[in-house]
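Right, one structure below, let's go through it.
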Amino acid sequence: MVRDRCYHLGSIDDLKQIEASLPKPLHLFHANRSEEVLSYWDSFDWRLYQTGLLLLSSSKEIRLFKEKDGGLFLLTQADLPRASPFFSWDLKAGEMRQSLEAVVDARALCLLMKVRLKREFLQVINEDNKTVVRLFVDEYKMKKNSAQCHLLPRLGIETLRGYEEEAQAIADLLISMGHAAVQSSPYEEALELLSVSPKAYSSKVKIKMNADDSSAEVVRALIAASLHIIKKNTDGILADIDTEFLHDQRVAIRRLRSLIGQLDGVFSSEIHHRFKSEFGELSRMSNAVRDLDVWLLEKDAYRTLVPPVLLGGLNIFFKEIKSRRQAEHRRLLEMMQRKKFHKLLEEWERFCQEPSFPKGKCADQGIRALAESRLKKSFAKICKEGQRIDENTPDEEIHRLRLQCKKLRYLFEFFASLFSENHLEQMLAQLKQLQNHLGAFNDLHVQQVWLEDALHSIKKGSEVSAAIGALMGAMYQQQLSAKKLIFGDIRTFIGADTRELMKKLLAQGKK
Amino acid sequence: MKIIAIYSMKGGVGKTASAVNLAYLAAKSGLRTLLCDLDAQGSASYYFRVRAEGKHSFKLIWTKAKKFRSEIRASDYPNLDILPSSFSYRNLDQLLEKRKKSKKVLAKLLNSIRDDYDMVILDCPPNLTLLAENVFICADAVAVPVIPTTLSELTLQQLVEFFISAELDMKKLMPFFAMQQSAKKLHREVREKLKDFHPTFLKQSIPFLSEVEQMGVTREPVGVTQASSRAAQAYSALWQELSDRVQGHSS
């Protein structure tokens, strides 16, 4: 309802004029005031913001709001956890925990800003001394670089049942006096004032390109964007805020490596060679930490796979993993704080900016033509390998198929803007199903190998070895199931429908 | 949604004061509450400073559910809305007589707001009419304030006989003593006599208290201006007993 909006005031003094302008016989009554310091929370990648949600805390409570037209609607509240940053699992089981878990998953919720809210409640009274409209005036103050700054005060109208006309009259009065209805929540305004932009970070590279753009220029732009993601996540990794900083960074590296690997001929072979070696090393640097992170993230799920009598042994195993993880993380920090690491990133940044650089034979080719040829090649490989897959296919071949699918997917993602959105969406949906099962299969394989390895260093017959054995057994069964699903998926994927779709997707004339 | 009517065949027994205080307590306990002022005198509406819409004839309000709903006004208290009456309500019976299913008009209207409220309190006019029958039929409880005097005994008996002849559910009838003055011997005697008279006679009662009279001046429920007074406590206890009875009944 238009009535129940907030309106910006030029200053708090505007209230006097509004009071004086109230249509007779209405008058204003100043009721109580309140003051609170509110903290605003979100994950590093602004997941709550992206979902239209707001998480605010006062001294003891956190409250989750849905934002709409600048107004906030309370969804749920809970006790504020002690930790800062905190995770959804730091909350007691309940609606808040469930809601946050669904949106932020393994990401930490970080304190992004503190705001002081002064609120005054007002009542519009009629000649019978009846309250006909409820108002409130909010003043928000924040600190920016140790200086105080504030938002424009907001006047909110609350319509009372049966007095809709009076509320509308107040709204009309405000508009006639030049006060505009707010468009965004006060927190959005505050973020803007503090120059903190939710749009500044995305874990995905999304660059718009035209079919005729020179391939080399486009790829340089993609490298630059990827480097940006790598750099942005570094601080979070160093501070060890949550596991996803490293994950996002690794994914950016992985995607970029796949791209440069598949687009050979864009730069000179020396450049491609240097890239492969340097980014390969960059990627391997964090393998150990990520492997251990994944174990720890999944530990609750693994506990359910093992008979309760063996849980003791499993817990010991996880304790061991935890301390190994901390040790590996320390090593990673050391490496990331070295000059070598920073120099590497700087050099490649410079490569992307330099007016001239060592080109390859495809450098000046239109990007659309190049992308098409690589996509065709990648897809053909999948079809060829996919046809050979059956129950007797060794695991290694299935892993190769998985890697092939990833390559295809990354190409689609980088070059999305060159193709029809509709067709691309369909293609990616098909790929996703297959990739999910391939991924699960691979994870299980990797974990079993890992466990087998662990077994060697553990006393035979100990409770830990028994727990590991049970876990391996459960995983083996899951792997067999995943394999069956993969057969179905691959049949569908290399079928006539997908080939048709691929043809349509790559057809000339689109964009 | 439950419906509690505050009804008496006699005037001046503290009916409206009870309706106002009980509605306030219902709202305070978290129930979305509507107080319907069915009395043309409009005392309940006066307490809450709410007026009926001047333009519309009460006819529309009582025939169209949408108009009925649009007459509802928020009170100054959370969870409590008021449906005000107007002087034109003195002709309500005539209107009801003309309708088909003339005894179920109120039930139908209240049914249209079933999803909006948890509790409806009806402040009824002091007469035994078609409107009263509408009230008796749709209410889950008919709370009757009774001043413990001999004449009140007779009036209560008349009401009981009416219920029997109209084949109404006697379990709904919940009299309670109001404006009670324990110092008066007559009050004590009548009270002693009547308390076992009817199985659903409420145990809690409202003494004669000046705070209740003061309501006409302050125009607020006693729970607001004098939260720790005897009057506030008495109504609290009465509300507790009444709401327990009503929630206990399944209907």
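Quick mapping for you: the protein sequence lines, in order, are chains A and B. If you're matching positions, the first sequence starts at 0 in numbering that gives the first Met the number 0 and goes up one per residue. If you're matching positions, the second sequence starts at 0 in numbering that gives the first Met the number 0 and goes up one per residue. Don't be surprised by glycine CBs; every beta carbon is placed ideally from N, CA and C.
Using beta-carbon positions only, say whether CYS137 of chain B and LEU82 of chain B come within less than 7 Å of one another.
For the purposes of this step, residue 137 of chain B is taken as residue 138 along the second sequence, with counting starting at 1. For the purposes of this step, residue 82 of chain B is taken as residue 83 along the second sequence, with counting starting at 1. No, these two residues do not count as a Cβ contact at 7 Å.
Going straight from the alpha carbon of LEU433 of chain A to that of LEU484 of chain A, what length do you get?
One-based indexing of the first sequence puts residue 433 of chain A at position 434. One-based indexing of the first sequence puts residue 484 of chain A at position 485. The alpha-carbon of LEU433 of chain A is positioned some 9 Å away from that of LEU484 of chain A.
Continuous beta strand (DSSP E) assignments of at least 3 residues falling wholly in the stretch 70-110 of chain A:
Counting only runs of 3 or more, we get 70-78.
Taking 7 Å as the cut-off, decide whether the C-beta atoms of ASP92 of chain B and THR62 of chain B are in contact.
Working through the second sequence from its first residue, we reach residue 92 of chain B at position 93. Working through the second sequence from its first residue, we reach residue 62 of chain B at position 63. No, these two residues do not count as a Cβ contact at 7 Å.
Does the CB of ARG160 of chain A have a neighbour CB from chain B at under 7 Å?
As a first step, residue 160 of chain A must be located in the first sequence, where it is residue number 161. Cβ-Cβ to chain B under 7 Å: yes for ARG160 of chain A.
DSSP three-state label for LEU470 of chain A, please.
If you number the first sequence from 1, residue 470 of chain A lands on position 471. Of the three classes helix, strand and coil, the one that applies to LEU470 of chain A here is helix, per DSSP.
In its own chain, which residues sit with a C-beta less than 8 Å from the C-beta of ALA512 of chain A, not counting the 5 before and 5 after it?
Because chain A is modelled from 0 through 510, residue 512 of chain A falls outside the range shown and cannot be assessed.
Could you check if SER276 of chain A is buried or exposed, using at least 16 other CB atoms within 10 Å of its CB as the buried criterion?
Walking along the first sequence from the start, residue 276 of chain A turns up at place 277. Sixteen is the threshold: since fewer than 16 other Cβ atoms of the shown chains lie within 10 Å of the Cβ of SER276 of chain A, the residue is exposed.
Continuous alpha helix (DSSP H) assignments of at least 4 residues falling wholly in the stretch 72-146 of chain B
Those alpha helix (DSSP H) runs which fall completely within the stretch 72-146 of chain B and span 4+ residues are 91-97, 104-110, 129-137.
Between LEU313 of chain A and ALA506 of chain A, is the Cβ-Cβ spacing less than 7 Å?
Within the first sequence, the letter at position 314 stands for residue 313 of chain A. Within the first sequence, the letter at position 507 stands for residue 506 of chain A. Going by C-beta atoms, LEU313 of chain A is not nearer than 7 Å to ALA506 of chain A.
Output yes or no for whether 7 Å exceeds the beta carbon distance between LEU504 of chain A and PHE418 of chain A.
Indexing the first sequence from 1 puts residue 504 of chain A at position 505. Indexing the first sequence from 1 puts residue 418 of chain A at position 419. In terms of Cβ geometry, LEU504 of chain A and PHE418 of chain A form a close pair [threshold 7 Å].
Any contact between the stretch 226-243 of chain B and the stretch 14-34 of chain B? By contact I mean 3 or more CB pairs, one from each, below 8 Å.
By the Cβ test, the stretch 226-243 of chain B is in contact with the stretch 14-34 of chain B, since at least three Cβ pairs between them sit closer than 8 Å.
Please report the straight-line C-alpha distance between ASP75 of chain B and TYR186 of chain A, rounded to a whole angstrom.
Against the second sequence, residue 75 of chain B aligns to sequence position 76. Against the first sequence, residue 186 of chain A aligns to sequence position 187. Whole-angstrom Cα-Cα distance: 31 Å.
Closest residue to THR217 of chain B among B:LEU208, B:PHE47, B:GLY11, B:LEU109 (Cα-Cα distance):
The residue you call residue 217 of chain B lines up with position 218 of the second sequence. For THR217 of chain B, the nearest C-alpha among the options comes from B:PHE47.
Just the Cα atoms here: how many angstroms apart are GLN213 of chain B and ALA131 of chain B?
As a first step, residue 213 of chain B is located in the second sequence; it is residue number 214 there, counting from the start. As a first step, residue 131 of chain B is located in the second sequence; it is residue number 132 there, counting from the start. Computed Cα separation, rounded: 28 Å.
Run of the alpha helix (DSSP H) containing GLY279 of chain A, from where it starts to where it stops:
Looking up residue 279 of chain A in the first sequence gives position 280. Counting along the chain, the alpha helix (DSSP H) containing GLY279 of chain A begins and ends at 268-284.
Do ALA140 of chain B and ILE3 of chain B have their C-beta atoms within less than 7 Å of each other?
The sequence position of residue 140 of chain B within the second sequence is 141, counting from 1. The sequence position of residue 3 of chain B within the second sequence is 4, counting from 1. Yes, the pair counts as a contact, with Cβ atoms nearer than the cut-off.
Is it true that the CB of ALA473 of chain A sits closer than 7 Å to the CB of LEU304 of chain A?
Here residue 304 of chain A refers to the residue found at position 305 of the first sequence. Here residue 473 of chain A refers to the residue found at position 474 of the first sequence. Annotated as proximal: LEU304 of chain A and ALA473 of chain A, with beta-carbon spacing under 7 Å.
Indicate whether GLN477 of chain A and LEU443 of chain A have their beta-carbon atoms separated by less than 7 Å.
Against the first sequence, residue 477 of chain A aligns to sequence position 478. Against the first sequence, residue 443 of chain A aligns to sequence position 444. Yes.
Rounded separation between LEU37 of chain B and ASP80 of chain B - CA only
Translated into the one-based positions of the second sequence, residue 37 of chain B becomes position 38. Translated into the one-based positions of the second sequence, residue 80 of chain B becomes position 81. The straight-line gap from Cα to Cα measures roughly 14 Å.
Euclidean distance between Cα positions of GLN76 of chain A and GLN246 of chain B
Against the first sequence, residue 76 of chain A aligns to sequence position 77. Against the second sequence, residue 246 of chain B aligns to sequence position 247. Using only the alpha carbons, I get a separation of about 29 Å.
Use the C-beta contact count for HIS341 of chain A: other C-beta atoms within 10 angstroms, 16 or more gives buried, fewer gives exposed.
Taking the first residue of the first sequence as position 1, residue 341 of chain A is located at position 342. Counting Cβ neighbours within 10 Å, HIS341 of chain A comes out exposed, since fewer than 16 surround it.
In this structure, how does DSSP classify PRO307 of chain A when only helix, strand and coil are distinguished?
Position 308 of the first sequence, counting from 1, holds the residue named residue 307 of chain A. In the structure shown, PRO307 of chain A sits in a helix (DSSP, three-state: H, G or I).
C-alpha gap between ALA326 of chain A and LYS406 of chain A, whole angstroms:
Taking the first residue of the first sequence as position 1, residue 326 of chain A is located at position 327. Taking the first residue of the first sequence as position 1, residue 406 of chain A is located at position 407. One C-alpha to the other measures close to 33 Å.
Could you pull out every residue in the same chain whose Cβ sits closer than 6 Å to the Cβ of LEU374 of chain A, ignoring the five residues on either side in sequence?
As a first step, residue 374 of chain A must be located in the first sequence, where it is residue number 375. These residues qualify, in order along the chain: LEU410.
Please name the residue, chosen from A:ALA166, A:MET208, A:ARG323, A:ASN144, that lies closest to ASN286 of chain A on a Cα-to-Cα basis.
Numbered from its first residue, the first sequence carries residue 286 of chain A at position 287. Looking at the Cα atoms, A:ARG323 is the closest of the given residues.
If we ignore side chains and look at the alpha-carbon of each, how far apart do LEU423 of chain A and PHE67 of chain B end up?
For this step, residue 423 of chain A is matched to residue 424 along the first sequence. For this step, residue 67 of chain B is matched to residue 68 along the second sequence. Those two C-alpha atoms are separated by around 55 Å.
Helix or strand or just coil, what does DSSP make of PRO174 of chain B?
On the second sequence, position 175 is the one that residue 174 of chain B refers to. Three-state DSSP puts PRO174 of chain B in a strand.
Measuring only between beta-carbons, confirm whether ASP80 of chain B sits less than 7 Å from chain A.
Reading the second sequence from its first residue, position 81 is the one you call residue 80 of chain B. At least one CB atom of chain A sits nearer than 7 Å to the CB of ASP80 of chain B.
Does the beta carbon of THR130 of chain A come closer than 7 Å to any beta carbon on chain B?
Reading the first sequence from its first residue, position 131 is the one you call residue 130 of chain A. Chain B contact via Cβ: present.
Rounded to whole angstroms, what is the Cα-Cα separation between GLY365 of chain A and GLY264 of chain A?
Walking along the first sequence from the start, residue 365 of chain A turns up at place 366. Walking along the first sequence from the start, residue 264 of chain A turns up at place 265. GLY365 of chain A and GLY264 of chain A: Cα-Cα distance of roughly 13 Å.
Do you know offhand how far ALA368 of chain A's Cα is from SER214 of chain A's?
Residue numbering aside, residue 368 of chain A sits at position 369 when the first sequence is read from its first letter. Residue numbering aside, residue 214 of chain A sits at position 215 when the first sequence is read from its first letter. The straight-line gap from Cα to Cα measures roughly 9 Å.
I'd like the span of the beta strand (DSSP E) that includes LEU258 of chain A, first residue to last.
Here residue 258 of chain A corresponds to residue number 259 of the first sequence, with the count starting at 1. No beta strand (DSSP E) contains LEU258 of chain A, which is instead part of the alpha helix (DSSP H) from 243-261.
In angstroms, rounded to a whole number, what distance separates the CA positions of LEU121 of chain A and VAL131 of chain A?
Within the first sequence, the letter at position 122 stands for residue 121 of chain A. Within the first sequence, the letter at position 132 stands for residue 131 of chain A. C-alpha separation (whole angstroms): 11 Å.
Inspect the beta-carbon positions of LEU79 of chain A and LYS59 of chain A and report whether they are closer than 7 Å.
Residue numbering aside, residue 79 of chain A sits at position 80 when the first sequence is read from its first letter. Residue numbering aside, residue 59 of chain A sits at position 60 when the first sequence is read from its first letter. Yes, they are a contact pair.
In the DSSP assignment, find the alpha helix (DSSP H) that holds GLN403 of chain A and state where it starts and stops.
Translated into positions along the first sequence, residue 403 of chain A becomes position 404. Following the DSSP letters along the chain, one finds GLN403 of chain A inside the alpha helix (DSSP H) bounded by residues 394-413.
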